[in-house]
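Residues in the sequence shown are numbered consecutively from 1, following full-length UniProt numbering.
Where a beta carbon is used, it is the ideal one built from N, C-alpha and C, also for glycine.
These numbers come from a predicted model, not from an experiment.
Single-structure report; data block below.
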Amino acid sequence: MDQEYQNILVPVDGSKESELALERAIFVAKRNGAHVDVLNVIDTRAMAYNFAGMSDGSIAYQLVDKSKEYLSKLLKTAKDKNDFDNMDIHIRLGNPKTIISFDFIHDHHNDMIMIGASGLSRMQRAVMGSVTSYVKRNAPVDVLVVRTAVDQ
């Protein structure tokens, strides 16, 4: 029996891997008539570490503005290049692992997560842990880790 997904979540972080996941999700969504939610999570823990908690909030606003620009560009590319517009963009602040695995899919009723293979270096994965690894172990829905482009 073939599984037909209707509401796919694609977390993006600006990495090549996450954009490959978005391309794959668009391909699957077009085939199934599904909706795609594109999510960028701004890791507030990183702000606390990098700025020793002395942020006045303007840093978060700047990051949200940059995120909006990036997500809008992805949305435009999906429409122009792939003729796909059944897509919404979202920004959340917090811990990417828990927001992707639990909070967002609970709020938006996603039935699949398509996520890029970790874009972190070995050292970064050792220190922070891979978001992809956490999501595939803990999310209560199907998770597809995308490693290659659609045409490969």
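- In the three-state scheme derived from DSSP, where H, G and I count as helix and E and B as strand, Asn32 is classed as helix.
- Between the segment 84-104 and the segment 66-74, the count of C-beta pairs closer than 8 Å reaches three or more; the two stretches touch.
- Comparing C-alpha distances from Arg31 to each of Phe84, Lys79, Leu63, Ser15 shows the shortest one belongs to Phe84.
- Around the CB of Asp37, 16 or more other CB atoms lie within 10 Å, so the residue is classed as buried.
- Taken atom to atom, the span from the alpha-carbon of Lys66 to that of Gly33 is near 30 Å.
- Taking the Cα positions, Tyr134 is about 8 Å away from Ser101.
- A distance below 6 Å between beta-carbons, with the five flanking residues on each side excluded, links Arg147 to the following residues of its chain, in chain order: Ala117.
- Nearest to Asn40 by alpha-carbon distance, out of Val28, Asn86, Ile115, Ala78, is Ile115.
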